[in-house]
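**Q** Everything in the sequence shown is counted per this note's numbering, starting at 12 for the first residue and increasing by one.
All C-beta atoms in this analysis are idealised placements derived from N, C-alpha and C, irrespective of residue type, glycine included.
All figures in this text were calculated on a predicted structure; none of them were measured in a lab.
The following block contains the structure, expressed as structure tokens.
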Amino acid sequence: MMNIILFGPPGSGKGTQSIKVAEKYGLVHISTGDIFRRELKEKTPLGIKAQGYMEKGELVPDELLIDILRSEMEKHVNPEGFIFDGFPRTIPQAEDLDKLMPELHAEITNVLALEVNDQEVISRLLKRAELEGRSDDNEEVISNRLNVYKTQTRPLINYYDEKGLFAGINGVGSIEDIFTNLCNVIEA
Ligand code: ADP
Numbered sequence: 012m013m014n015i016i017l018f019g020p021p022g023s024g025k026g027t028q029s030i031k032v033a034e035k036y037g038l039v040h041i042s043t044g045d046i047f048r049r050e051l052k053e054k055t056p057l058g059i060k061a062q063g064y065m066e067k068g069e070l071v072p073d074e075l076l077i078d079i080l081r082s083e084m085e086k087h088v089n090p091e092g093f094i095f096d097g098f099p100r101t102i103p104q105a106e107d108l109d110k111l112m113p114e115l116h117a118e119i120t121n122v123l124a125l126e127v128n129d130q131e132v133i134s135r136l137l138k139r140a141e142l143e144g145r146s147d148d149n150e151e152v153i154s155n156r157l158n159v160y161k162t163q164t165r166p167l168i169n170y171y172d173e174k175g176l177f178a179g180i181n182g183v184g185s186i187e188d189i190f191t192n193l194c195n196v197i198e199a
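Here it is in structure tokens:
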């Protein structure tokens with residue numbers, strides 16, 4: 012089984028690349044951001060709980076995440092593996108995942124981060140705001156999401172580097188070139 016974590020700042024292209032990686036290696040793509048947006052659209056209790064955090068660019072509380080992840084993973088019988096897009100986003104989430112994986116007879120095989128500078132990320136997100144109208148893609152919320160990434164998510168680099176699982180990939184360039192680099196690391 013191949014179980015890949017893909018992370019990076021908001022707007023780094025995680026979603027796009029995760030879908031391509033999932034397709035190429037036959038993995039199940041799990042995006043916690045997509046799950047929350049779906050739940051919110053359907054106005055489920057979980058969606059309503061997450062709404063306030065998402066609109067401010069804050070993280071949804073850690074304790075909500077692991078059960079969501081477990082139930083998504085358990086939907087699939089004998090998967091080739093998973094690609095996690097936007098999870099874990101904090102050290103406690105990573106620790107929860109470390110407990111969950113062995114219960115599912117699985118382990119993390121790669122942790123990849125797309126590296127994109129602030130200026131590029133901000134301009135991409137503002138462009139996405141025009142195209143898709145995501146309510147968390149406005150200037151104030153974007154700057155909060157970037158701060159949250161730096162303070163809460165970036166420490167995961169060290170966490171996974173110490174386990175020998177981490178690789179950073181340049182996230183600026185063409186979608187195909189970035190994808191090729193990701194695949195090279197996955198297959199190395
Ligand atoms: P981005 O494009 O900012 O990386 P996502 O689409 O992955 O955003 O997620 C959107 C929002 O959903 C986040 O700002 C956060 O509020 C919530 N969210 C998604 N994944 C997580 C997570 N693992 N932990 C906490 N909150 C999350």
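Which class does D188 belong to by DSSP, given the choice of helix, strand or coil?
**A** Here residue 188 corresponds to residue number 177 of the sequence shown, with the count starting at 1. Three-state DSSP puts D188 in a helix.
**Q** Scan the region 124 to 173 and note each continuous alpha helix (DSSP H) run of 4 residues or more that stays entirely inside, going in chain order.
**A** DSSP runs (the alpha helix (DSSP H)) wholly in the region 124 to 173: 129 to 143, 150 to 159 and 167 to 172.
**Q** Looking at the structure shown, is A178 part of a helix, part of a strand, or coil, going by DSSP?
**A** Within the sequence shown, the letter at position 167 stands for residue 178. Looking at A178 - three-state DSSP - the assignment turns out to be strand.
**Q** My understanding is that L201 touches N121, with C-beta atoms under 8 Å, so please give their C-beta distance in whole angstroms.
**A** Residue 201 lies beyond the residue range present for the chain, which begins at 12 and ends at 199; the question has no answer from this structure.
**Q** What three-state label does DSSP hand F47 in the structure shown?
**A** Here the question's residue 47 lines up with position 36 in the sequence shown. Three-state result, F47: helix.
**Q** Can you tell me whether Q104 is buried or exposed? The criterion is at least 16 other CB atoms within 10 Å of its CB, across all chains shown.
**A** If you number the sequence shown from 1, residue 104 lands on position 93. Q104 comes out buried.
**Q** Under 7 Å from any heavy atom of ligand 1, does the C-beta of G63 make it?
**A** Taking the sequence shown and counting its residues from 1, one reaches residue 63 at position 52. False, no ligand heavy atom lies under 7 Å from that Cβ.
**Q** What I want to know is whether the C-beta of P113 ends up closer than 7 Å to one or more non-hydrogen atoms of ligand 1.
**A** Here residue 113 corresponds to residue number 102 of the sequence shown, with the count starting at 1. No - ligand 1 has no heavy atom lying nearer than 7 Å to the Cβ of P113.
**Q** With a floor of 3 residues, list each beta strand (DSSP E) that falls wholly inside the region 72 to 96, ordered by position along the chain.
**A** Complete beta strand (DSSP E) runs here, min 3: 92 to 96.
**Q** Rounding to the nearest angstrom, what Cα-Cα distance links Y36 and N195 in this structure?
**A** Within the sequence shown, numbered from 1, the residue matching residue 36 stands at position 25. Within the sequence shown, numbered from 1, the residue matching residue 195 stands at position 184. Approximately 13 Å between the Cα atoms of the pair.
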